[in-house]
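Worksheet: one structure, shown below.
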Amino acid sequence: MAPAMTTKPVAIVGGGLGGLSAALHLRRHGYDVALFEKNAQLGGRANRIVAHGFQFDTGPSLLNYPWVCRELFAATGARFEDYVTLHAVEPTISFLWPDGAKLILSSHVDRLIASCSALEPGAGPGVMAFLRDARLKYDLAFSKLVTRNEDSALRWFSKLSLAEMARLSVWRSLYGQLGKYFGSSRIREALGSYGMYLGGSPFDLPGMFTILPYGEMAYGLWLPKGGVYALVEALRKRNTELGVAFHTNAAVTRINAAHGHVRGLALADDAVFDAPIVVSNVEAPVTDARLLGHENALARRRGRANRLRFTPGVVTFYWGVRGLVHGMGHHTIFLPNDYRGAFRDLFRNGRIPSQLPFYISIASETDPDLAPRGDSTVFVLIPTPRLSELGPCDWPAVVASLRNQILDRLRLHDIDLTQDRIAHETVYTPEDWGERFGLHDGSAFGAAHTLFQVGPFRMANYAPELAGMYYTGASTTPGTGIPMVLLSGAMTAQRVTSREA
Ligand SMILES: Cc1cc2nc3c(=O)[nH]c(=O)nc-3n(C[C@H](O)[C@H](O)[C@H](O)COP(=O)(O)OP(=O)(O)OC[C@H]3O[C@@H](n4cnc5c(N)ncnc54)[C@H](O)[C@@H]3O)c2cc1C
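All letters in the sequence shown, in the order written, are residues 4 to 504 by the numbering used here.
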């Protein structure tokens, strides 16, 4: 049942997952919500390409923590399962090294122990101790930190006892934390490689981020039937049922403000939409610099944004491949011999590593309907430095070189994916990512998750200097990734309801 309309309109800028979640939460609180998306399709980075019978998810290839989706739909009085069917991806991920060494992660503890033991004989007790420790960290993080709107670091941490603070291992590196449980450098490399998406190397990021690999093992990895985009369609459907108004092909050029208060939006077609509350789902520093550029009150906020660290860019290939690809499962991460060197190149030297780390997702392995019968949809993701770090770039040449390196590496593992089998190719460079979705400096995942960029240290989801101005999505709290941006929508709605009451 749709809630009664209030007279208070909210304009949301951007229809990414954060914007769609904020829209649902605000609507259920009775706000009159209109969402403006510059592209023809909703979803933002979680978009869809359809070509020659192949269907590709542009960004997220897998969903974790499905409980977040269930809670979101339940908050609106609906059952997630009535909107989306989830396929389990098992094994969750395989890691491959150039010499053929392999680690296969699984949500089944016995399989996980067997795979770890192949790299480190007798790894069982270490695996169990790792899981126990990471579980405590995960529970602590989610029950006391992640989803709380808190401006004061002191108050944020005051929820934790000293023992709990120590338990989070914030002062030890992720790689060091993994070393407590695993002697094998291969296991540490694999579980530490998650740092890439958080915007740091496992040698710098805090040990509490063992919750990432743990979360995937504990809650599994999932592919919605029809691809991750089915989640976007479900969110759109539920929003529409509740009465949210969508405007696509509607680029916002300015967030209007006067006398310290937001007034609404100016659109590219010169139309104006009046609203006393605006929630921007556009990356927070881009919102401040480009959409609120005229608002001097935000100078301090912008100054902070300039000092923030951001996650890398990515080059992504979408290949429609004839036939099945043997020798890989759904989700494979290819690690280089020189693991430290690759992270140094990415995060310190500002260059694409000579030995590439990259990942491949073959969604049609789990959902064959995503490709013509008997064929495969192949998604390749290669992390790169950000645009400002790379400097001027001859992208066609870089893309050709990356394609060759990927195919060479596959040949090394006897994986039968050759150039002549690629019937369709789309490529997004960091420039494309930046232009399509308004990303800051081509950063694929938004602001990094270093210790001093989480919780109250992260860009806040409201602007105290500008009444009625709110933010949602990857670069504000709690952070990046599907579950986090969905939670971000809930946290932003909570800010709105508590401040605008
Ligand atoms: C290649 C890649 C792979 C990933 N893989 C995973 C994964 O496997 N699992 C996972 O959980 N996460 C993954 N992520 C992260 C996840 O996709 C993001 O954290 C999440 O989608 C970000 O959502 P958002 O709502 O913050 O922002 P966005 O998706 O960027 O949404 C912002 C929206 O604002 C719109 N917009 C911008 N400017 C304007 C304007 N001026 N006017 C109107 N609209 C505007 C954009 O077009 C966009 O639709 C991946 C990301 C990438 C890039």
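Just so you know, even glycine gets a beta-carbon here, dropped at the ideal spot from N, CA and C. These numbers were taken from a predicted model, which means no experiment stands behind them.
- Secondary structure of Lys105 (DSSP, three-state): strand.
- Every beta strand (DSSP E) stretch that sits fully inside the segment 420-494 and reaches 3 residues is listed by chain position as 425-431 and 472-474.
- Within 7 Å of the C-beta of Arg48 there is at least one heavy atom belonging to ligand 1.
- Looking from the CA of Asn309, the closest CA among Gly182, Leu245, Met462 and Asp397 belongs to Met462.
- Distance from Ile409 to Val383 at the Cβ level is roughly 6 Å; contact confirmed, criterion being Cβ atoms closer than 8 Å.
- Nearest to Phe448 by C-alpha distance, out of Glu40, Val488, Leu454 and Gly471, is Val488.
- Inclusion of Phe440 in the 7 Å shell around ligand 1 follows from its C-beta lying nearer than that to a non-hydrogen atom of the ligand.
- No Cβ-Cβ contact shorter than 8 Å links Tyr178 with Phe212.
- Measuring C-alpha to C-alpha distances from Phe98 to each of Ser404, Thr475, Glu434 and His333 identifies His333 as the nearest.
- Set against 7 Å, the gap from the CB of Phe39 to the closest heavy atom of ligand 1 is smaller.
- A check of alpha carbon separations from Arg135 across Gln58, Arg170 and Ser364 identifies Arg170 as the nearest.
- Set against 7 Å, the gap from the CB of Asn42 to the closest heavy atom of ligand 1 is smaller.
- Annotation for Ser391: Asp444 place their beta carbon closer than 6 Å to its own, counting only its chain and skipping 5 residues before and after.
- At a threshold of 7 Å, Phe455 does not count as near ligand 1, since its beta carbon sits no closer than that to any of the ligand's heavy atoms.
- For Leu384, the distance from the CB to the nearest heavy atom of ligand 1 is below 7 Å.
- If you compare the alpha carbons of Asp273, Asn252, Phe249 and Leu268 with that of Ile258, the shortest gap goes to Leu268.
- Listed in chain order, the non-local C-beta contacts of Arg312 below 8 Å within the same chain comprise Gly202, Gly203, Ala450, Ala451, Thr453 and Gln456, local neighbours out to five positions each way being set aside.
- Between Glu438 and the set Tyr34, Arg48 and His32, the nearest pair of CA atoms involves Arg48.
- It is roughly 7 Å from the alpha-carbon of Ile96 to the alpha-carbon of Ile336.
- Contact check for Gly17 against Val285 passes: the beta carbons are separated by less than 8 Å.
- Annotated as proximal: Thr369 and Val92, with beta-carbon spacing under 8 Å.
- Straight-line measurement puts the Cα of Ala493 at about 15 Å from the Cα of Ser478.
- Going by beta carbons, Ala278 and Lys41 fall outside the 8 Å limit.
- From the listed residues Ser446, Ile425, Ala426 and His427, the smallest Cα separation to Asp435 is found for Ser446.
- Judged by DSSP secondary structure, Leu89 falls within the beta strand (DSSP E) whose first and last residues are Leu89 to Val92.
- Residue side-chain check: Trp436 places its Cβ nearer than 7 Å to a non-hydrogen atom of ligand 1.
- Ser146 is classed as exposed because its beta carbon has fewer than 16 other beta carbons within 10 Å across all chains shown.
- Taking C-beta atoms under 8 Å as the contact rule, Leu27 and Asn242 qualify, at a distance of about 6 Å.
- Taking one beta carbon from each stretch, the segment 321-333 and the segment 355-375 have 3 or more pairs nearer than 8 Å; the two touch.
- Here DSSP, grouped into helix, strand and coil, assigns Leu224 to strand.
- Between Ser24 and Ser491, the CB-CB gap stays under 8 Å.
- The segment 183-195 and the segment 122-129 touch, with no fewer than 3 CB-CB distances between them shorter than 8 Å.
- In this structure, the straight-line span from the alpha carbon of Pro69 to that of Phe83 is close to 9 Å.
- Under the criterion of beta carbons closer than 8 Å, Val53 and Val282 do not qualify as touching, at roughly 30 Å.
- Judged by the Cβ position, Pro227 fails to qualify as a neighbour of ligand 1 at the 7 Å threshold, every heavy atom of the ligand being at least this far.
- Under DSSP, Gln58 takes part in a beta bridge, and its partners are Val53.
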